[in-house]
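A.B. asks: Sending over a structure as structure tokens; questions will come in a sec.
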Amino acid sequence: MQDVELVDVTDRPRAPGRPRTWLPPAPPDDPPVARPPRSSRPRRRRWVAVLVVAALVAAGVLVGRAAAPAPPAAVAPGMLAPLDGPPWARWRIPVARSADVLAATDALVVSGVRDRRFHVAGYAEGTGEQLWTRDLGPVAGTRPLTGCPHAGSDVRPVVLCVVEPPLTPGGGWSHGTVPFPAPDERWAQVSALDGATGELLGRWAVSGRLAAVERVGDDLVVLRVGADGHARVGRYAGADGRRVWWYRGTAPLRLREGIVSGSELRANDAFVLLQGWSATVLDAVDGDELTATPPRSFVVGSLSAEVFGTWSSGDGGVVHDRTGRALFASRALFPTITATDGDPPGVLVMDEGGTLVGRSLPDGAELWRHDTYRAVRVQARGHLLLLGVDGYQVVEARTGLVEWQSPGRVLMWWAPLTDGTTVLAAGRSATGRPTMEARRLSDGELEWVLPVEDDVRSVTAVGGHLVLRSRDELILLT
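All residue numbers for the sequence shown refer to numbering that gives the first Met the number 0, where the first residue is 0 and numbers rise by one.
Right, here's the structure in full:
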């Protein structure tokens, strides 16, 4: 960001948020007060004074503990930590365009392939100083599984990275054949790193026809395709590779013909979705099969935090609860919501193609309908943010009523972000320069406008941080 002078559009008091590094230092301690003259009273009064002071100190400690601020709440994936006004560029570092970035405790971790080797580096959240760097070894060309899996949330202290090394001649691996296109047999190395120091906490390997890897908590869920065509899914402890559970598909996995990467694995804290032309949903905790569709039918699965859905052209859709029990039938699919705080609970938003429908849980009663060409992307504080190519709209999640929409038409070259109070979205100045506009989520009132450098290519939320990426730089705003 270039240095600019920013003026709030409104003069309302700013909400408390993350501490700013540019706040002035604390004032110096008060000068010592002159000591009173020594008392000529008996010494026993000194003991009384000592006891009184000790009691006051103990009480002060208790009060201080009670009044101490609670640790900051976790930020939902895709959402920002609370903002307290226009952000500024805290630091910037050179980063390759193809590199990935994730948030760990008090650090941002950048990973990517350079000179055919996989490199990972940690940077201090407050200053951008490089804390550590690690070379995790050679990479076999372009391998889709190589990377450090994350869902956009803070991964906490442990960073898990997967590297697919080149196959060595005579290593016993062969292409082999399966009843349909599938990945070649190979192996991958998993490294568990301390996000603050880069220390190697553990290293282990997985092998087979590896199709996909997802992170759930501090574990990895791995999808393999067996030589018999059956899917094999396992959940492993990230630090040491200990197997938590294992699942083998009851029927051969039918992939889209001619597409090697036709299998799909999606996971959250509740469910694991395995999908080819059929869909199987597992319990993420213990690996139990919750539902499995016939392998001869084309079925699409979708996941939410507490429910999941399956949909086929012949039978329509069914919404299931955490145990796999069918709740109700619906023609609609779950929209692709990139950020949600789960508010309001008990309301499920579904997409019928040109119409959004709000349904209550668990009975599926229809609450509202809203015809729109826009897609739901954010659910926060009881509001839905609908995104189109030329603007966005905010809808009340409980009633489906339109609350406000972005004025004019502006190309939404990055998806709007929110901290639950303020919406940040792409804008344009009077001269056509790109800007970042902040509006109140509740009513759309403009709060401030910030210029954006011309070479910025993306604006995202990473572990609650506002991150800008240009062709060769990463910029952290705060």
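Every residue, glycine too, gets a C-beta built ideally from N, C-alpha and C.
Between the alpha carbons of Val-259 and Ala-226, how many angstroms are there, rounded?
C.D. replies: Walking along the sequence shown from the start, residue 259 turns up at place 260. Walking along the sequence shown from the start, residue 226 turns up at place 227. Because the pLDDT of Val-259 is 41, which lies under 50, any placement of that residue in the model is unreliable, and the number read from its coordinates should be weighed accordingly. When rounded, the distance between both Cα atoms is 14 Å.
A.B. asks: Could you tell me how far apart the beta carbons of Val-158 and Ala-103 are, in whole angstroms, since I believe they sit closer than 8 Å?
C.D. replies: Here residue 158 refers to the residue found at position 159 when the sequence shown is read from its first residue. Here residue 103 refers to the residue found at position 104 when the sequence shown is read from its first residue. With a Cβ gap of about 6 Å, Val-158 and Ala-103 count as contacting.
A.B. asks: Taking the beta carbon of Gly-345 as the centre, do at least 16 other beta carbons fall within 10 Å, making it buried, or is it exposed?
C.D. replies: Position 346 of the sequence shown, counted from the start, is the residue given in the question as residue 345. Exposed, because fewer than 16 other Cβ atoms sit within 10 Å of the Cβ of Gly-345.
A.B. asks: Give every residue of the same chain whose Cβ lies closer than 7 Å to the Cβ of Ala-331, excluding the five residues on either side of it in the sequence, and list them in chain order.
C.D. replies: What you label residue 331 is simply residue 332 of the sequence shown in a count that begins at 1. Hits under 7 Å: Gly-316, Met-349, Asp-350, Glu-351, Val-356.
A.B. asks: Where does Val-109 land, buried or exposed, given buried means 16+ other C-beta within 10 angstroms?
C.D. replies: Sequence index remark: in the sequence shown, residue 109 carries index 110 (1-based). Val-109 should be labelled buried.
A.B. asks: Alpha carbon to alpha carbon, how far is Asp-471 from Pro-93? Give it in angstroms, no decimals.
C.D. replies: Position 94 of the sequence shown holds residue 93. Position 472 of the sequence shown holds residue 471. If I take the Cα positions, the gap works out to 6 Å.
A.B. asks: So is Trp-245 buried or exposed if we call it buried at 16+ other beta carbons inside 10 Å?
C.D. replies: Against the sequence shown, residue 245 aligns to sequence position 246. Its Cβ having fewer than 16 others within 10 Å, Trp-245 is exposed.
A.B. asks: Which word fits Gly-237, buried or exposed, when buried means at least 16 other C-beta atoms lie within 10 angstroms of its C-beta?
C.D. replies: In the sequence shown, residue 237 corresponds to position 238, counting from 1. Buried.
A.B. asks: Can you tell me whether Arg-155 is helix, strand or coil according to DSSP?
C.D. replies: To locate residue 155, count along the sequence shown from 1; it is residue 156. In the structure shown, Arg-155 sits in coil (DSSP, three-state: anything other than H, G, I, E or B).
A.B. asks: Mind checking whether Val-424 and Ser-441 have CB atoms under 8 Å apart?
C.D. replies: For the purposes of this step, residue 424 is taken as residue 425 along the sequence shown, with counting starting at 1. For the purposes of this step, residue 441 is taken as residue 442 along the sequence shown, with counting starting at 1. The identity of residue 424 in the sequence shown is Ala, whereas the question assumes Val. Result no, Cβ atoms of Ala-424 and Ser-441 do not sit closer than 8 Å.
A.B. asks: Tell me which residue opens and which closes the beta strand (DSSP E) that Tyr-235 is part of.
C.D. replies: Taking the first residue of the sequence shown as position 1, residue 235 is located at position 236. Where Tyr-235 is concerned, the enclosing beta strand (DSSP E) stretches over 229 to 236.
A.B. asks: In or out: Tyr-391 buried (at least 16 other Cβ within 10 Å) or exposed?
C.D. replies: As a working mapping, residue 391 is identified with position 392 in the sequence shown. Classification for Tyr-391: buried.
A.B. asks: What number of angstroms, rounded off, separates the C-alpha of Met-411 from the C-alpha of Pro-343?
C.D. replies: For the purposes of this step, residue 411 is taken as residue 412 along the sequence shown, with counting starting at 1. For the purposes of this step, residue 343 is taken as residue 344 along the sequence shown, with counting starting at 1. Cα to Cα, the separation comes out at about 26 Å.
A.B. asks: Just to check my reading of the structure: Val-461 and Gly-151 have Cβ atoms closer than 8 Å, yes? What is that Cβ distance to the nearest angstrom?
C.D. replies: Working through the sequence shown from its first residue, we reach residue 461 at position 462. Working through the sequence shown from its first residue, we reach residue 151 at position 152. Indeed, because the Cβ distance is near 6 Å, the residues count as touching under 8 Å.
A.B. asks: Please return the same chain residues whose Cβ sits closer than 8 Å to the Cβ of Pro-148, not counting the five positions on each side in sequence.
C.D. replies: Here residue 148 is taken as the residue at index 149 of the sequence shown, counted from 1. Correct list, in chain order: Leu-159, Val-161, Val-212, Glu-213, Arg-214, Leu-219.
A.B. asks: Taking the CB atoms as reference points, tell me whether Val-448 and Gly-431 lie closer together than 8 Å.
C.D. replies: By 1-based counting over the sequence shown, the position of residue 448 is 449. By 1-based counting over the sequence shown, the position of residue 431 is 432. No. Outside cutoff.
A.B. asks: Tell me, which residues are paired with His-382 by DSSP?
C.D. replies: Residue numbering aside, residue 382 sits at position 383 when the sequence shown is read from its first letter. Beta-bridge pairing links His-382 to Ala-379, Glu-395.
A.B. asks: Among the residues of its own chain, which have a CB less than 6 Å from the CB of Arg-133, if the five just before and after it don't count?
C.D. replies: If you number the sequence shown from 1, residue 133 lands on position 134. Val-119, Gly-197, listed in sequence order.
A.B. asks: Which of the three DSSP states is assigned to Val-147 in this structure?
C.D. replies: Mapped onto the sequence shown, residue 147 falls at position 148. Position check: residue 147 holds Cys in this sequence, whereas Val was assumed. Note: Cys-147 maps to coil in three-state DSSP.
A.B. asks: With respect to the beta strand (DSSP E) encompassing Met-349, which residues constitute its N-terminal and C-terminal limits?
C.D. replies: Position 350 of the sequence shown, counting from 1, holds the residue named residue 349. Residues 346 to 350.
A.B. asks: Rounded to whole angstroms, what is the Cα-Cα separation between Gly-111 and Ala-278?
C.D. replies: Looking up residue 111 in the sequence shown gives position 112. Looking up residue 278 in the sequence shown gives position 279. Approximately 32 Å, taken between the alpha carbons.
A.B. asks: Taking the CB atoms as reference points, tell me whether Leu-101 and Leu-144 lie closer together than 8 Å.
C.D. replies: Within the sequence shown, residue 101 is the residue found at index 102, counting from 1. Within the sequence shown, residue 144 is the residue found at index 145, counting from 1. Taking 8 Å as the Cβ cut-off, Leu-101 and Leu-144 do not qualify as a contacting pair.
A.B. asks: Assuming Trp-403 and Val-393 make a contact with CB atoms under 8 Å, what is their CB distance in whole Å?
C.D. replies: Within the sequence shown, numbered from 1, the residue matching residue 403 stands at position 404. Within the sequence shown, numbered from 1, the residue matching residue 393 stands at position 394. About 5 Å; that satisfies the 8 Å criterion.
A.B. asks: Under three-state DSSP, which class holds Arg-265?
C.D. replies: Within the sequence shown, numbered from 1, the residue matching residue 265 stands at position 266. It is a strand residue.
A.B. asks: Just to confirm before moving on: does the CB-CB distance between Leu-366 and Arg-358 stay below 8 Å?
C.D. replies: Translated into positions along the sequence shown, residue 366 becomes position 367. Translated into positions along the sequence shown, residue 358 becomes position 359. For Leu-366 and Arg-358, yes; Cβs fall inside 8 Å.
A.B. asks: How far does the beta strand (DSSP E) with Ile-479 in it reach, from first residue to last?
C.D. replies: The question about residue 479 has no answer, for the chain in this structure spans 0 to 477.
A.B. asks: Using a Cβ-Cβ cut-off of 7 Å (strictly less than) and excluding sequence neighbours within five positions of Glu-124, which residues of its own chain qualify?
C.D. replies: Your numbering for residue 124 matches position 125 in the sequence shown. Answer for Glu-124: Asp-105, Ala-106, Leu-107, listed in chain order.
A.B. asks: Start and end of the beta strand (DSSP E) containing Trp-310?
C.D. replies: As a working note, residue 310 is residue 311 in the sequence shown. Its beta strand (DSSP E) spans residues 307 to 311.
A.B. asks: Does DSSP put Ala-338 in a helix, a strand or coil?
C.D. replies: For the purposes of this step, residue 338 is taken as residue 339 along the sequence shown, with counting starting at 1. Strand, per DSSP.
A.B. asks: Once DSSP output is grouped into helix, strand and coil, what is the label at Gly-225?
C.D. replies: Here the question's residue 225 lines up with position 226 in the sequence shown. Here Gly-225 sits in coil by DSSP.
A.B. asks: I'd like the ranges of any alpha helix (DSSP H) spanning at least 4 consecutive residues and lying wholly in the stretch 60 to 137.
C.D. replies: For the stretch 60 to 137, not a single whole alpha helix (DSSP H) run of length 4 or above is found.
A.B. asks: Go ahead and pull the three-state DSSP assignment for Val-363.
C.D. replies: The residue you call residue 363 lines up with position 364 of the sequence shown. Contrary to the premise, residue 363 reads as Gly rather than Val in this sequence. DSSP places Gly-363 in coil when its eight states are reduced to three.
A.B. asks: Please name the residue, chosen from Arg-223, Gly-201, Gly-77, that lies closest to Leu-192 on a Cα-to-Cα basis.
C.D. replies: Mapped onto the sequence shown, residue 192 falls at position 193. If we check each option's Cα against that of Leu-192, Gly-201 comes out closest.
A.B. asks: What residues are listed by DSSP as bridge partners for Asp-282?
C.D. replies: Counted from its first residue, the sequence shown places residue 282 at position 283. Answer is Phe-270.
A.B. asks: Should Ala-139 and Pro-156 be called a contact, given that it needs their Cβ atoms to be closer than 8 Å?
C.D. replies: Numbered from 1 along the sequence shown, position 140 holds the residue referred to as residue 139. Numbered from 1 along the sequence shown, position 157 holds the residue referred to as residue 156. No, the Cβ-Cβ distance between Ala-139 and Pro-156 is not below 8 Å.
A.B. asks: Would you please state the rounded distance, in angstroms, between the beta carbons of Asp-340 and Arg-397? I believe it to be under 8 Å.
C.D. replies: To locate residue 340, count along the sequence shown from 1; it is residue 341. To locate residue 397, count along the sequence shown from 1; it is residue 398. Rounded, the Cβ-Cβ distance is 15 Å, inconsistent with contact.
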